[in-house]
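J.: Residue numbers (our numbering), protein chains in the order written: chain Z, 1 to 249; chain F, 1 to 277. Yeah, the Cβ is synthetic: ideal placement off N, Cα and C, and Gly gets one too. The model shown is predicted, which means the values in this text are computed figures rather than measured ones.
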Amino acid sequence: MNKFSISQLYLYYDNFCALTDINIDIEDKNITAFIGPSGCGKSTFLKTLNRMNDLVDGCKVTGEVLLDGTNIYKDVDTNLLRKRVGMVFQKPNPFPMSVYDNIAYGPRAHGVKSKAMLDEIVEKSLQSAAIWDELKDRLRKPALALSGGQQQRICIARAVAVSPEVLLMDEPTSALDPISTSKIEDLVLELKEKYTIIIVTHNMQQAARVSDKTAFFLLGELIEYGNTNDIFSMPTHKKTEGYISGRFG
Amino acid sequence: MKPIKKPLGHFLALITKAAAATTFLVMAFLILYILINGLPHLTPSLFEFKYTTKNVSMFPALVSTIIMTALSLIIAVPLGAFAGIYLVEYAKKGNRTVKVVRVTAEALSGIPSIVYGLFGMMFFVTYLKWGNSILAGAFTLSIMVLPLIMRTTEEALKSVPDSYREGSFGLGAGRLHTIFKVVLPSAVPGILAGVILSIGRIIGETAALIYTAGTVTEMPQNVFSSARTLSVHMWALTGESLHKNESYAAGVVLLILVVGINSFSAFIAKKFIKEGK
Chain Z
1 MNKFSISQLY LYYDNFCALT DINIDIEDKN ITAFIGPSGC GKSTFLKTLN
51 RMNDLVDGCK VTGEVLLDGT NIYKDVDTNL LRKRVGMVFQ KPNPFPMSVY
101 DNIAYGPRAH GVKSKAMLDE IVEKSLQSAA IWDELKDRLR KPALALSGGQ
151 QQRICIARAV AVSPEVLLMD EPTSALDPIS TSKIEDLVLE LKEKYTIIIV
201 THNMQQAARV SDKTAFFLLG ELIEYGNTND IFSMPTHKKT EGYISGRFG
Chain F
1 MKPIKKPLGH FLALITKAAA ATTFLVMAFL ILYILINGLP HLTPSLFEFK
51 YTTKNVSMFP ALVSTIIMTA LSLIIAVPLG AFAGIYLVEY AKKGNRTVKV
101 VRVTAEALSG IPSIVYGLFG MMFFVTYLKW GNSILAGAFT LSIMVLPLIM
151 RTTEEALKSV PDSYREGSFG LGAGRLHTIF KVVLPSAVPG ILAGVILSIG
201 RIIGETAALI YTAGTVTEMP QNVFSSARTL SVHMWALTGE SLHKNESYAA
251 GVVLLILVVG INSFSAFIAK KFIKEGK
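#1: So, with DSSP's three-state summary, where would you put Z:Val-250?
#2: Taking 9 Å as the cut-off, decide whether the C-beta atoms of F:Ile-196 and F:Ala-81 are in contact.
#3: Would the region 151–161 of chain Z and the region 94–110 of chain Z be scored as touching if the rule is three or more Cβ pairs under 8 Å?
#4: May I have the straight-line CA-CA distance separating F:Leu-146 from F:Ile-210, to the nearest angstrom?
#5: Report buried or exposed for Z:Gly-220, applying the criterion of at least 16 other Cβ atoms within 10 angstroms of its Cβ.
#6: In three-state terms, what does DSSP make of Z:Val-76?
#7: Leaving out five residues before and five after F:Phe-272 in sequence, what residues of the same chain have Cβ atoms less than 7 Å from its Cβ?
#8: Find the nearest neighbour of F:Gly-117 within the set F:Ile-268, F:Ser-64, F:Leu-35, F:Ala-207, judged by alpha-carbon distance.
#9: For F:Ile-15, collect the residues of the same chain with a Cβ closer than 8 Å to its Cβ; drop the 5 residues on either side in sequence, then sort them by chain order.
#10: Using 10 angstroms around the beta-carbon of F:Lys-244, count the other beta-carbons present and answer buried if the total reaches 16, otherwise exposed.
#11: Output, in sequence order along the chain, the residues in the region 150–168 of chain Z whose CB is closer than 9 Å to any CB in chain F.
#12: Step through the CB atoms of chain Z and report whether any lies within less than 9 Å of the CB of F:Leu-171.
#13: Report yes or no: is there a C-beta of chain F within less than 9 Å of the C-beta of Z:Asn-53?
#14: Determine the contact status of Z:Phe-45 and Z:Leu-80, defining contact as a CB-CB distance below 9 Å.
#15: Does DSSP classify F:Asp-162 as helix, strand or coil?
#16: If you follow the alpha helix (DSSP H) that F:Glu-205 is part of, which residue opens it and which one closes it?
#17: If we call anything under 9 Å between Cβ atoms a contact, is Z:Asp-28 one with Z:Thr-196?
#18: Assuming F:Ile-202 and F:Thr-69 form a contact by the criterion Cβ under 8 Å, report the distance between their Cβ atoms to the nearest whole angstrom.
#19: Please report the straight-line C-alpha distance between F:Ala-136 and F:Ile-114, rounded to a whole angstrom.
#20: F:Ser-198 to F:Phe-139, Cα distance in whole Å?
#21: Is there at least one Cβ from chain Z nearer than 9 Å to F:Ser-265's Cβ?
#22: Go to F:Lys-54, then tell me how far its beta strand (DSSP E) extends in each direction, as first and last residue.
#23: Closer than 9 Å, CB to CB, is Z:Met-1 near chain F or not?
#24: Identify the continuous alpha helix (DSSP H) that holds Z:Tyr-100 and give its terminal residues.
#25: Count the other CB atoms, across all protein chains shown, that sit within 10 Å of the CB of Z:Gln-205; report buried if there are 16 or more and exposed otherwise.
#26: How big is the Cα-Cα spacing for Z:Ile-22 and Z:Ile-198?
#27: Apart from the five residues just before and just after F:Ser-168, which ones in its own chain have a Cβ nearer than 6 Å to its Cβ?
#28: Any contact of the region 220–234 of chain F with the region 85–103 of chain F, i.e. 3+ C-beta pairs under 8 Å?
#29: Tell me the DSSP secondary structure of Z:Ser-174 in three-state form.
#30: Tell me the rounded alpha-carbon separation between F:Glu-218 and F:His-41.
#31: Check the Cβ-Cβ distances between F:Lys-277 and every residue of chain Z, and say whether any is below 9 Å.
#32: For the beta strand (DSSP E) that contains F:Tyr-116, what are its first and last residues?
#33: State the Cα-Cα distance for the pair Z:Asp-133 and Z:Ser-180, rounded to the nearest angstrom.
#34: Which chain Z residues are close to F:Glu-246, counting only those with a beta carbon under 7 Å from its beta carbon?
#35: Would you identify the three-state DSSP class for F:Asn-222, choosing helix, strand or coil?
And the structure:
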């Protein structure tokens with residue numbers, strides 16, 4: 001089943017065309033990886049999926065982005081869209097408040113007030129981010145005092161707390177050390193059971209390790225898209241092969 | 001081996017040290033001078049409820065100062081802070097209105113206070129018929145400090161990392177929620193710094209108040225009463241040249257007032273920072 005169905009998507013920053021004619025279907029409860037060299041548009045494309053690009057001045061999108069059959073660029077409340085399509089950023093960005101308040105932030109923003117309910121959401125979210133055991137005695141501690149890897153898992157828990165359907169991850173491990181990275185990768189594989197995950201990565205091994213499908217972008221175009229195994233073992237496109245084997249990028 | 005100091009480096013180091021020392025000495029001298037001249041004359045009779053030519057009480061002026069400061073801030077802080085919030089969080093970049101507001105604010109902050117006083121006299125005192133009153137003074141002063149509060153709010157909001165905003169929007173939180181729950185709490189220390197500067201300007205202001213609030217020595221009855229603040233009180237006493245000592249005493253009280261308000265604000269700012277971390 002397709003979660004996202006994108007056709008003829010063009011994206012412009014003022015007059016610069018950052019994405020050209022993107023057509024791609026993204027499967028439900030699957031991990032899709034976007035790879036490609038810096039500036040190829042993979043992060044930009046990720047941000048069109050929950051309309052974070054709306055916040056960029058001079059950004060214009062044409063084409064169709066269907067989420068469960070509904071065009072998210074027509075008659076959709078962006079706040080509700082972003083509740084359904086959560087996001088984890090490149091640099092861990094917990095808010096300057098306690099661990100508890102960080103996780104409860106999203107539910108509170110969407111109107112959850114009951115203390116018991118918030119307690120439950122916080123515990124569940126931290127558990128699904130595999131950080132509950134580490135932090136259950138330190139919920140009142142400021143999130144910014146934690147290590148980078150812990151902060152990123154807090155951010156994942158924070159995103160999970162609003163019970164999204166899709167998780168967008170924009171190079172979630174690029175600012176982390178190898179041990180934290182492997183923890184996050186394990187976590188991503190676990191989260192796949194419940195969520196559709198789209199992950200942007202610079203790390204080819206990471207894409208090969210975690211994803212079911214891989215899309216290769218170059219200069220704003222989608223060059224190749226298919227099963228991760230196929231892409232990494234026998235890419236059909238010359239440019240893909242060149243990038244994967246490290247000849248450019 | 002000892003590093004060889006170049007003569008120019010020696011010279012520059014000397015200049016910076018001399019500048020720091022001079023600044024400190026001037027400040028220390030000023031404060032000591034006021035304290036030495038003022039403290040001995042700080043008698044209980046100066047704090048009697050009613051002013052007479054005999055006791056030269058500064059108590060009514062002290063009360064007026066506090067009312068004037070509070071009233072000016074009540075008017076100026078919400079206006080300035082919300083204007084700053086609009087400019088940073090809502091207005092699109094390169095917007096015409098934003099540019100006009102910024103240029104206006106910059107121009108306003110460069111105008112001498114006597115000009116505000118004249119405007120206040122013509123508009124609030126005469127045209128609106130409020131007469132010489134605390135209200136007219138407070139409105140005049142709030143216009144005076146408005147640009148300051150707006151600019152410091154802007155700077156404080158700009159220094160909040162965009163990643164906080166992204167994180168909040170990414171969770172589907174609305175703009176208002178984002179601003180009040182994430183952005184403003186991080187910006188409060190910066191905004192408070194602007195408020196402290198404004199308090200300093202309000203308490204120290206004389207020229208703008210002589211024309212709008214007047215120089216009456218009585219205890220104010222309500223906001224339409226004419227009254228003098230401590231600074232105006234000092235100015236008047238010095239002008240009459242009979243009460244130099246009492247003027248110095250008022251200076252000591254002003255000094256204590258400003259230091260007190262500043263440490264209180266710093267305390268609040270610190271509390272906010274602590275909660276954030």
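T.: Let me spell this out:
#1: The question about residue 250 of chain Z has no answer here: the residues shown for chain Z are numbered 1 through 249.
#2: On the second sequence, position 196 is the one that residue 196 of chain F refers to. On the second sequence, position 81 is the one that residue 81 of chain F refers to. Contact: no.
#3: yes
#4: The residue labelled residue 146 of chain F in the question sits at position 146 within the second sequence. The residue labelled residue 210 of chain F in the question sits at position 210 within the second sequence. Their backbone Cα atoms lie some 20 Å apart in a straight line.
#5: For this step, residue 220 of chain Z is matched to residue 220 along the first sequence. So Z:Gly-220 counts as buried.
#6: Here the question's residue 76 of chain Z lines up with position 76 in the first sequence. It is coil, neither helix nor strand.
#7: Position 272 of the second sequence, counted from the first residue, corresponds to residue 272 of chain F. Taken in chain order, the residues that qualify are Pro-185, Val-188, Pro-189.
#8: Reading the second sequence from its first residue, position 117 is the one you call residue 117 of chain F. With distances taken between Cα atoms, F:Gly-117 lies closest to F:Ala-207.
#9: Indexing the second sequence from 1 puts residue 15 of chain F at position 15. Correct list: empty, nothing qualifies.
#10: Counting from 1 along the second sequence, the entry for residue 244 of chain F is found at position 244. Classification of F:Lys-244: exposed, given that the 10 Å Cβ count is below 16.
#11: Cys-155, Arg-158, Ala-159, Ala-161, Val-162, Pro-164, Leu-168
#12: Taking the first residue of the second sequence as position 1, residue 171 of chain F is located at position 171. Yes, F:Leu-171 counts as interfacial toward chain Z.
#13: Here residue 53 of chain Z refers to the residue found at position 53 of the first sequence. So, not an interface residue.
#14: In the first sequence, residue 45 of chain Z corresponds to position 45, counting from 1. In the first sequence, residue 80 of chain Z corresponds to position 80, counting from 1. Result no, Cβ atoms of Z:Phe-45 and Z:Leu-80 do not sit closer than 9 Å.
#15: Counting from one through the second sequence, the residue named residue 162 of chain F turns up at place 162. The answer is helix: DSSP assigns F:Asp-162 an H, G or I state.
#16: Translated into positions along the second sequence, residue 205 of chain F becomes position 205. Premise fails: F:Glu-205 is in no alpha helix (DSSP H) and is neither H nor E.
#17: Residue numbering aside, residue 28 of chain Z sits at position 28 when the first sequence is read from its first letter. Residue numbering aside, residue 196 of chain Z sits at position 196 when the first sequence is read from its first letter. Yes, the Cβ-Cβ distance between Z:Asp-28 and Z:Thr-196 is below 9 Å.
#18: Here residue 202 of chain F is taken as the residue at index 202 of the second sequence, counted from 1. Here residue 69 of chain F is taken as the residue at index 69 of the second sequence, counted from 1. About 5 Å; that satisfies the 8 Å criterion.
#19: Numbered from 1 along the second sequence, position 136 holds the residue referred to as residue 136 of chain F. Numbered from 1 along the second sequence, position 114 holds the residue referred to as residue 114 of chain F. Approximately 14 Å between the Cα atoms of the pair.
#20: Taking the first residue of the second sequence as 1, we reach residue 198 of chain F at position 198. Taking the first residue of the second sequence as 1, we reach residue 139 of chain F at position 139. Using only the alpha carbons, I get a separation of about 14 Å.
#21: The residue labelled residue 265 of chain F in the question sits at position 265 within the second sequence. F:Ser-265 does not count as touching chain Z.
#22: On the second sequence, position 54 is the one that residue 54 of chain F refers to. Unbroken run through F:Lys-54: none, as it is neither H nor E.
#23: Reading the first sequence from its first residue, position 1 is the one you call residue 1 of chain Z. No, Z:Met-1 lies away from the interface with chain F (no Cβ there is under 9 Å from its Cβ).
#24: Reading the first sequence from its first residue, position 100 is the one you call residue 100 of chain Z. Segment 99–109, the alpha helix (DSSP H) holding Z:Tyr-100.
#25: Start at 1 with the first residue of the first sequence, and residue 205 of chain Z comes out as number 205. Label assigned to Z:Gln-205: exposed.
#26: Locating residue 22 of chain Z in the first sequence gives position 22, counting from the first residue. Locating residue 198 of chain Z in the first sequence gives position 198, counting from the first residue. Roughly 16 Å separates the two Cα atoms.
#27: Indexing the second sequence from 1 puts residue 168 of chain F at position 168. Correct list, in chain order: Thr-178, Val-182.
#28: no
#29: Taking the first residue of the first sequence as position 1, residue 174 of chain Z is located at position 174. If DSSP states are grouped into helix, strand and coil, Z:Ser-174 belongs with coil.
#30: Position 218 of the second sequence, counted from the first residue, corresponds to residue 218 of chain F. Position 41 of the second sequence, counted from the first residue, corresponds to residue 41 of chain F. Approximately 21 Å between the Cα atoms of the pair.
#31: For the purposes of this step, residue 277 of chain F is taken as the residue at position 277 of the second sequence. With a pLDDT of 47 at F:Lys-277, under the threshold of 50, the modelled position of this residue cannot be trusted, and the question is left open.
#32: What you label residue 116 of chain F is simply residue 116 of the second sequence in a count that begins at 1. No beta strand (DSSP E) holds F:Tyr-116; the alpha helix (DSSP H) holding it covers 113–120.
#33: The residue labelled residue 133 of chain Z in the question sits at position 133 within the first sequence. The residue labelled residue 180 of chain Z in the question sits at position 180 within the first sequence. One C-alpha to the other measures close to 16 Å.
#34: Along the second sequence, one-based indexing puts residue 246 of chain F at 246. Within chain Z, no residue comes near F:Glu-246; the closest Cβ sits about 49 Å away, beyond 7 Å.
#35: Locating residue 222 of chain F in the second sequence gives position 222, where the first residue counts as 1. In this structure, F:Asn-222 counts as coil in the three-state DSSP scheme.
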